[in-house]
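Accompanying notes for the structure given below.
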Amino acid sequence: MMEETYKENSVFSCFLFYAVLLVIKMYVIAIITGQVRLRKKAFANPEDALRHGGLQFHREDPYVERCRRAHINDMENILPFLFLGAIYSLMGPSLFVARLHFLVFSLSRLLHTLAYLLALRAPTRSVAYTIAQIPCVSMAVQILMSVMAYA
-1 MMEETYKENS VFSCFLFYAV LLVIKMYVIA IITGQVRLRK KAFANPEDAL
49 RHGGLQFHRE DPYVERCRRA HINDMENILP FLFLGAIYSL MGPSLFVARL
99 HFLVFSLSRL LHTLAYLLAL RAPTRSVAYT IAQIPCVSMA VQILMSVMAY
149 A
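The numbers in the working numbering rise by one with no breaks, and the one at position 10 of the sequence shown is 8.
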């Protein structure tokens, strides 16, 4: 049943492709954060610190915090995109326009993550964040305009 749904709707298939890539990116950032915690011996919980050498390792590390903030920022931005993109995909937009929305958002979020993790010069991260908001606002406005008649 699901296979028929997304094969019949090329926009939804396109959305699924980018959505899954973004979710995988979020998992990768979570893994990176955990690996950096281990490498830097900077654990958020005392029990983890005790397991890895002692309570002196129950501490914050600037790079761990940078990774963690990148992950939190992804959750704050990718999760709304997943909701908006799914609804937008089901509204029958042009495949070209929808793909452009999904591509711009995804590439901008990738650049945002790289800017965060590699501490790229400002304003790289904030420009990437802002550009990623454009397709989300566009999709939200189109959804609202489409459903206003029914509200």
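Ideal Cβ positions, reconstructed from N, Cα and C, are used throughout, including at glycine.
Quick caveat: nothing in here was measured; it's all calculated off a predicted structure.
Put simply, the backbone Cα of L20 is about 16 angstroms away from that of A96. The residues L82, I85, Y86 and M89, in chain order, have a CB closer than 8 angstroms to that of I141 in the same chain once the five nearest residues on each side in sequence are set aside. For K39, no alpha helix (DSSP H) segment is defined, and its DSSP state is neither H nor E. If you draw a straight line from the Cα of P60 to the Cα of Q33, it is about 14 angstroms long. Following the DSSP letters along the chain, one finds M143 inside the alpha helix (DSSP H) bounded by residues T122 to V145. A residue is called buried once 16 or more other Cβ atoms fall within 10 Å of its Cβ, and N43, having fewer, is exposed. Taking each of V9, A149, C134 and Y114 in turn and checking the Cα distance to P78, the smallest one comes out for C134.
Between the stretch 46 to 62 and the stretch 95 to 112, the count of Cβ pairs shorter than 8 angstroms is below three; the stretches do not touch. Straight through space, the alpha carbons of M137 and L36 are spaced by roughly 40 angstroms.
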